[in-house]
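J.: Here it is: the structure, laid out below.
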Amino acid sequence: MLIPFFIHIIPAHFLAKPYPILYLCKMQLASNLLENAVNEFAKLPGIGKKTALRLVLHLLKQDTAEVSHFGETITKMRTDIQFCNRCGNVSDAAICTICANPLRNQRLICVVENIRDVIAIENTQQFSGTYHVLGGIISPLDGVGPEQLNIESLTNRIQTEETEELIFALNPNIQGDTTIYYIQKKIQQLPCKITTIARGIAFGGELEYADELTLARSLTNRLPVGSYISNR
Amino acid sequence: MLFFRQLMLTQFRNYVFDSFTFTQNVVGISGANGSGKTNLLDAIHYLCFTKSYFSRPDAQNVHQGMQGFRLQATVTRQQQDFELLCILRENNRKEFLIDGDAYKKFSSHIGRFPCVMIAPDDVELISNGSEERRKFIDTLLSQLNEDYLKNLIDYTKILQQRNSLLKAAAEHNRLDDALLDILDEQLSERATNIYNRRNDFMQEFIPAVQQEYESIAGKGDEVHINYYSQLHHNSMQRLLRENRPRDLYLQRTGAGIHKDDLEFSMQQQAFKNIASQGQRKSLLFALKLAEFNILKQYKGFAPVLLLDDIFEKLDAARMHNLLHKVCVQQQAQVFITDTHKERLESAFEQLGIGFELVKLE
C-alpha cells in the first residue's frame, strides 16, 4: 500500500504577507473638521485614508494664508476653466492656445478620446496640427452614444475649415474601431483624407514578447525600409 | 505528455495547506464524501484554464473564513519543466504566473497546458440547453486556436454593445441607424471567422465522436450528430439585416453564431428524449474522449485527464475498456477519484500498470 506523501512546508513569503486589516475605516480623529478634510482628500484617485491624513496634517502646519491660497487656486481652476469652442480641449479662453496658434497647421485634425491624449501627443513634439477631443468613445453598454460625444462639432469643423486630413488617435480596441468607423461613415462624402495612427510593435519592444495579434498586424502593415529609417 | 509532478494548495476550498507529489501516470484519489477529491481535480483545472471547472466566482474557492488562495504546480511538458502559479489576492485580484512571469492576459495561457475533465454533472451537456454545448465546443476550439478565442471575446463584447443599443433605442424611441450598421459590420466579421472555424472543426470532430461512441456502446445504436447554425444558409450580414425589425422589437439580437447548437439524434428522434441513462453517459464519454484525442493530435502531446467519480456511472467491463484506452494506449496522466480505495486498486491492478493512490482524510 502506498502512503500519501505530504510535505508541510509553507512558503515563507506567503505567510509573511500580512492581511490588510480594515483598521483605517475606524480611524479616530479628535476633530470633525479634520475628519471631513481627510474624507475629501480620500475621494481623489490614488489617495487612501492614510495619505489623505498626511496631506491634511501637512496643510495644518502651514500658514493660514498659504492654505487659503491653495484652496482658492483649486476653486478658481474648477470655476474659471473653459473648454475650447473649437476642439474641446481645456483652455483659459474661448479658443485654446493650440487652435489659436497661427504656426500650427489648421487643416490637420487629430481626433482623440480625452484631454490626457492631447497632452500625450503634445509631449511627442511631433505633431503640428490641431486636435479634436471627443470626450469619450462610443459604447452603448456604458450609455455613451454618438450624441454624447463631440462628433457633430467635428463634422461641422471639417466642412467649414476645409480640413485636408483627419488623423484618428484612438485606443486600439473594439470601441475605438466602432468610433472610427462611425465617424468615417458620417464624413465619407467630404473631400478629406482619413488616416489612423500606426499599430504594431512598440519602439524598443522585443518581438519575442509581442503578442501574436500585434506581431501579425505589424507584418501585414509593414513599412518600406526607406521611410522607416527617415522617420527615426 | 503533460505531467503534473507536484501540486501545492493553500487556502483552496477545503484545503488549508497541502502538498502532493505525483510520480505515476495513473493517480487514484480516494476519500470519503467531502474530503476534497473533486477540489483536488479542480485545482489542476484551475492551473490549466485559470479558472474553476464549475463556473463559480473565484472568491467562492477560498477556504472558509480566510482570504485569498494560492495554487502552485510543477509540471513537465515534453521533457520541459514549468512552474505554474495562481494566486487570488486578499482583494480578489487574480494573478497567474508561469515560471515567475505574470500573464498580462489570462487568455494567452489557455491551451498551453490542456486538460480534459469529466465530472458527474456533465450529462447536462447532453440534456440541457444549447449554451452548454457551445461552451464545450468553444473551450475546445480556444485551446486549439488562440485566434478563435480572440474572435469569440470580441464577438461577445460587440454583441453586448449591440443589445445595449437596441435597448437604448427602445427606451428613447430613437435609433442611430448608422451606429447599428457599424456594429453589425463588426459583428459579422467575427461571426464569419467563428463560423468557418466551427464548421471546419465539425467535419473532423463529429466522426471522431461517433467512432468513440461506437467503441463504448457497441454497434447497435448509432448516434447521429448535426451541427446546427443559422449561418449554414445565410451570411451573418444578411441575417442581421433581415432580423433587424424583430431585434428592435425584442431589444436583443436574435440571430447569429450565439444560437449554434450540436444536435444529437438516434433513430430519427432527439437523443435526449429517447436515450437511456447509460446511453447518455456513453455519449458524454464519447464527446470527452474525442476532445481528448483531438487535443492530443493538435498539440502533439497527451493532455491531462481528470475523471471525477466515474465509477458510479459505468459497469465494470466498460470501465475497464475506458481505463485501458486512456491509461495504457494514450500514455496520458490520469487522475481518478472514487470513494472506495479498494475499487480503485482492483481496477488498476487488472490493467497491470504502475499507479499510485492518494488517500484523503
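If you read the protein sequences in the order shown, they are chains V and F.
Every letter in the first sequence is one number past the one before it in our numbering, and letter 32, counting from 1, is 32.
Every letter in the second sequence is one number past the one before it in our numbering, and letter 99, counting from 1, is 99.
Every residue gets a Cβ at the ideal spot worked out from N, C-alpha and C, and that includes glycine.
1) Kindly list, in the order they appear in chain F, the residues whose Cβ is closer than 9 angstroms to that of LEU213(V).
2) Whose CA, out of SER31(V), LEU29(V), VAL56(V), ARG222(V), lies closest to the CA of PHE41(V)?
3) Mind pulling the beta strand (DSSP E) runs of 3 or more residues that sit fully within the region 198–228 of chain F?
4) Rounded to a whole number of angstroms, what is the C-alpha to C-alpha distance between LEU166(F) and GLN175(V)?
5) For VAL326(F), report the span of its alpha helix (DSSP H) as first-last.
6) If you check the beta carbons only, do ASN163(F) and ARG252(F) fall under 8 angstroms apart?
7) Which residues, taken in chain order from the region 153–165 of chain F, show a beta carbon closer than 7 angstroms to some beta carbon of chain V?
8) Could you say which of LEU344(F), ASP338(F), ALA347(F) lies nearest to GLY31(F) if we only look at CA atoms?
9) Indicate the three-state DSSP secondary structure (helix, strand or coil) for PHE22(F) in the structure shown.
10) Would you call the CB atoms of LEU84(F) and ILE98(F) closer than 8 angstroms?
11) Looking at C-alpha atoms only, which residue of ARG199(V), VAL144(V), SER91(V) is the closest neighbour of LEU215(V)?
12) Hey, ILE126(F) and LEU7(F) are a contact pair by Cβ (cut 8 angstroms); roughly how many whole angstroms apart?
13) Since SER218(V) meets chain F, which of its residues come closer than 8 angstroms, beta carbon to beta carbon?
14) What residue from ASN101(V), ASN39(V), LEU59(V) has the CA that sits closest to GLY129(V)'s CA?
15) Using 10 angstroms around the beta-carbon of MET66(F), count the other beta-carbons present and answer buried if the total reaches 16, otherwise exposed.
16) Would you list, in chain order, the members of the region 134–146 of chain V that have their beta-carbon closer than 9 angstroms to a beta-carbon of chain F?
17) Could you say which of HIS45(F), LEU47(F), LYS105(F) lies nearest to GLU212(V) if we only look at CA atoms?
18) State the start and end residues of the unbroken alpha helix (DSSP H) segment that holds SER218(V).
19) Taking just the CA atoms, how far does LEU134(V) sit from ILE151(V)?
20) Looking at the structure shown, is LYS43(V) part of a helix, part of a strand, or coil, going by DSSP?
21) For ALA270(F), is the classification buried or exposed, using 16 other Cβ atoms within 10 angstroms of its Cβ as the cut-off for buried?
22) Which residue spans inside the region 159–205 of chain V form an unbroken alpha helix (DSSP H) run of at least 4?
23) In angstroms, rounded to a whole number, what distance separates the CA positions of ALA119(F) and LYS94(F)?
24) Counting only beta-carbon atoms, is THR178(V) nearer than 8 angstroms to chain F?
25) Sorted by chain position, which residues of the same chain lie with C-beta nearer than 8 angstroms to THR192(F)'s C-beta, five sequence neighbours on each side aside?
26) Just tell me which of PHE301(F), VAL16(F), VAL27(F) has its CA closest to the CA of GLU356(F).
27) Is it buried or exposed for THR75(V), if we count other Cβ within 10 angstroms and need 16 for buried?
28) Just to confirm, does TYR131(V) get its C-beta within under 7 angstroms of one of the non-hydrogen atoms of the ligand SAH?
29) Over the uninterrupted beta strand (DSSP E) stretch that includes SER107(F), give me the two end residues.
30) Determine the DSSP secondary structure at ARG174(F), reduced to helix, strand or coil.
31) Could you check if PHE17(F) is buried or exposed, using at least 16 other CB atoms within 10 Å of its CB as the buried criterion?
32) Counting only Cβ-Cβ distances shorter than 8 angstroms, please list the residues of the region 153–186 of chain V near chain F, keeping chain order.
33) What separation, rounded to the nearest whole angstrom, lies between the Cα atoms of GLY354(F) and LEU141(F)?
34) Do THR155(V) and LYS185(V) count as a contact pair if the criterion is CB distance below 8 angstroms?
35) On the CB-based measure, 16 or more other CB atoms within 10 Å of its CB, does ASN123(V) come out buried or exposed?
T.: On the basis of the coordinates in this document:
1) For the purposes of this step, residue 213(V) is identified with residue 213 of the first sequence, where counting begins at 1. Neighbours of LEU213(V) on chain F, chain order: GLU146, ASP147, LYS150.
2) As a working mapping, residue 41(V) is identified with position 41 in the first sequence. Answer by Cα proximity: VAL56(V).
3) 223–228
4) Counting from one through the second sequence, the residue named residue 166(F) turns up at place 166. Counting from one through the first sequence, the residue named residue 175(V) turns up at place 175. Cα to Cα, the separation comes out at about 16 angstroms.
5) If you number the second sequence from 1, residue 326(F) lands on position 326. Looking at the DSSP string, VAL326(F) is not in any alpha helix (DSSP H), and its letter there is neither H nor E.
6) As a working mapping, residue 163(F) is identified with position 163 in the second sequence. As a working mapping, residue 252(F) is identified with position 252 in the second sequence. Their beta carbons are under 8 angstroms apart, which means ASN163(F) touches ARG252(F) by this criterion.
7) ASP154, LYS157, ILE158, GLN160, GLN161, SER164, LEU165
8) To locate residue 31(F), count along the second sequence from 1; it is residue 31. Among LEU344(F), ASP338(F), ALA347(F), the Cα nearest to that of GLY31(F) belongs to ASP338(F).
9) On the second sequence, residue 22(F) is found 22 positions in, with the first residue counted as 1. It is coil, neither helix nor strand.
10) Against the second sequence, residue 84(F) aligns to sequence position 84. Against the second sequence, residue 98(F) aligns to sequence position 98. Against a cut-off of 8 angstroms, the Cβ pair of ILE98(F) and LEU84(F) comes out as a contact.
11) Sequence index remark: in the first sequence, residue 215(V) carries index 215 (1-based). Nearest option by C-alpha distance: ARG199(V).
12) Here the question's residue 126(F) lines up with position 126 in the second sequence. Here the question's residue 7(F) lines up with position 7 in the second sequence. Incorrect: roughly 31 angstroms between the Cβ atoms, too far for contact.
13) For this step, residue 218(V) is matched to residue 218 along the first sequence. What SER218(V) touches in chain F: nothing, since even the nearest Cβ is about 16 angstroms away.
14) Taking the first sequence and counting its residues from 1, one reaches residue 129(V) at position 129. It is ASN101(V).
15) As a position in the second sequence, residue 66(F) is number 66, starting the count at 1. Per the 10 Å Cβ criterion, exposed.
16) ILE138, SER139, PRO140, LEU141, ASP142, GLY143, GLY145, PRO146
17) Within the first sequence, residue 212(V) is the residue found at index 212, counting from 1. Selected option, being the one with the closest Cα: LYS105(F).
18) Here residue 218(V) corresponds to residue number 218 of the first sequence, with the count starting at 1. It spans 212–220 - the alpha helix (DSSP H) in which SER218(V) sits, taken as one unbroken run.
19) Within the first sequence, residue 151(V) is the residue found at index 151, counting from 1. Within the first sequence, residue 134(V) is the residue found at index 134, counting from 1. Roughly 7 angstroms separates the two Cα atoms.
20) Position 43 of the first sequence, counting from 1, holds the residue named residue 43(V). Residue state, collapsed to three classes: coil.
21) For the purposes of this step, residue 270(F) is taken as residue 270 along the second sequence, with counting starting at 1. Exposed is the call here.
22) 174–186
23) Numbered from its first residue, the second sequence carries residue 119(F) at position 119. Numbered from its first residue, the second sequence carries residue 94(F) at position 94. Cα to Cα, ALA119(F) sits roughly 25 angstroms from LYS94(F).
24) Against the first sequence, residue 178(V) aligns to sequence position 178. Taking Cβ atoms only, chain F reaches closer than 8 angstroms to THR178(V), which makes this a yes.
25) Here residue 192(F) is taken as the residue at index 192 of the second sequence, counted from 1. Around THR192(F): LEU231, SER235, MET236.
26) Numbered from 1 along the second sequence, position 356 holds the residue referred to as residue 356(F). Of PHE301(F), VAL16(F), VAL27(F), the residue nearest in Cα terms is VAL27(F).
27) By 1-based counting over the first sequence, the position of residue 75(V) is 75. Burial state of THR75(V) is exposed, judged by a 10 Å Cβ sphere holding fewer than 16 other Cβ atoms.
28) In the structure shown, the ligand SAH is absent, as is every other ligand, since no ligand is present at all.
29) The sequence position of residue 107(F) within the second sequence is 107, counting from 1. No beta strand (DSSP E) contains SER107(F), which DSSP labels as neither H nor E.
30) As a first step, residue 174(F) must be located in the second sequence, where it is residue number 174. In the structure shown, ARG174(F) sits in coil (DSSP, three-state: anything other than H, G, I, E or B).
31) On the second sequence, residue 17(F) is found 17 positions in, with the first residue counted as 1. By the 10 Å Cβ count, PHE17(F) comes out buried.
32) Here the close residues are ILE174, GLN175, ASP177, THR178, TYR181, TYR182, LYS185, LYS186.
33) Here residue 354(F) corresponds to residue number 354 of the second sequence, with the count starting at 1. Here residue 141(F) corresponds to residue number 141 of the second sequence, with the count starting at 1. It is roughly 33 angstroms from the alpha-carbon of GLY354(F) to the alpha-carbon of LEU141(F).
34) The residue you call residue 185(V) lines up with position 185 of the first sequence. The residue you call residue 155(V) lines up with position 155 of the first sequence. Cβ distance not < 8 angstroms, so LYS185(V) and THR155(V) don't count as in contact.
35) As a first step, residue 123(V) is located in the first sequence; it is residue number 123 there, counting from the start. ASN123(V) should be labelled exposed.
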